[in-house]
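Written out below as C-alpha cells is the structure these notes cover.
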Amino acid sequence: MTTNFTHRSYPSWRDIDRAKPLFLETTFIDGGVATAVIITPERPAYQAQARKLQQAVFTRTGVQLPLLRDSDCAPWQPAATHQILLGNLMDNAVVAPLYHRNYIAADAHYPGGGGHVLRTVHDPWGTGCNVILAGGSDIAGVTTSVARLLASLQQDETRLW
Numbered sequence: 000m001t002t003n004f005t006h007r008s009y010p011s012w013r014d015i016d017r018a019k020p021l022f023l024e025t026t027f028i029d030g031g032v033a034t035a036v037i038i039t040p041e042r043p044a045y046q047a048q049a050r051k052l053q054q055a056v057f058t059r060t061g062v063q064l065p066l067l068r069d070s071d072c073a074p075w076q077p078a079a080t081h082q083i084l085l086g087n088l089m090d091n092a093v094v095a096p097l098y099h100r101n102y103i104a105a106d107a108h109y110p111g112g113g114g115h116v117l118r119t120v121h122d123p124w125g126t127g128c129n130v131i132l133a134g135g136s137d138i139a140g141v142t143t144s145v146a147r148l149l150a151s152l153q154q155d156e157t158r159l160w
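Residue numbers for the sequence shown follow numbering that gives the first Met the number 0, beginning at 0 and rising by one.
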C-alpha cells in the first residue's frame, strides 16, 4: 500500500518582516469600562474568592468585573476580552486549552497543597487578550494567589491593571 503525502513549504524565519504585536498590560478597567472577566469553577469557595476580587476592583474603580463560571464559557474558543482564571486544570475547564498548550502549569499536583501560581499568559489566542491565572492545587493556594494579585494591582486616573 502506498500513501501519498503532500509536501508543504512553510515560510522560513527569514521571511518574517515584523514582530508579533505585544500586549504588555492586562487592563481590568479602562476608561470606566470593564476590560476583563473573572472565570471561576463552580465550587462555592472559589466563587467566594472571585467575589472578593470583584469587590476589590469595584471598591477601587466603581466598575464591576463580570463573573462567569467555567461552565458558562467555551474554553477552546479564542477570548474576546482579558480573562482572570481561578483554579487549575482539574476544576476550571477554561484552564484546559492553555494547560495543554503548555502556557499554564497548575493541576492537582503542581504547585502542590497550599502552593499557588500567579501567572500572565501573553495573548494566547492571537486576539490581543491576555490571561491571568490565579491558580493553585487547592483552595488554599488559590486564596493566596488572589491575595497576591490584589496586592499587585496598579491604578491611574482611567485604568486598573
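Beta carbons are placed, not taken as given, at the ideal position from N, Cα and C, and that holds for glycine.
Buried or exposed, going by whether 16 or more other CB atoms sit within 10 Å of the CB of residue i?
i	result
Pro-40	buried
Val-141	buried
Gly-61	exposed
For residue i, which residues from the same chain have a beta carbon less than 6 Å from its beta carbon, with the 5 sequence-adjacent residues on both sides left out?
i	result
Ala-107	Met-89, Ser-136
Tyr-98	Leu-88
Is the distance from the Cβ of residue i to the Cβ of residue j below 7 Å?
i	j	result
Pro-43	Trp-75	no
Asn-129	Thr-25	yes
His-81	Thr-34	yes
Cys-72	Ile-38	yes
Ala-78	Trp-124	yes
Gly-113	Ala-139	yes
Ile-131	Thr-119	yes
Leu-149	Ala-47	no
Take residue i and list the residues in its own chain whose beta-carbon comes closer than 8 Å to its own, dropping the five residues that flank it on each side.
i	result
Leu-67	Val-36, Ile-37, Ile-38, Thr-39
Gly-31	Thr-60, Gly-61, Val-62, Thr-157
Ser-70	Glu-41, Ala-92
In chain order, what residues of the same chain lie with their CB nearer than 7 Å to the CB of residue i, ignoring the 5 residues before and after it?
i	result
Ala-49	Ile-37, Thr-39, Leu-66, Leu-85
Lys-51	Val-145
Asp-155	none
Asp-122	Phe-22, Cys-128, Asn-129
My understanding is that residue i touches residue j, with C-beta atoms under 8 Å, so please give their C-beta distance in whole angstroms.
i	j	result
Leu-117	Phe-27	With a Cβ gap of about 14 Å, Leu-117 and Phe-27 do not count as contacting.
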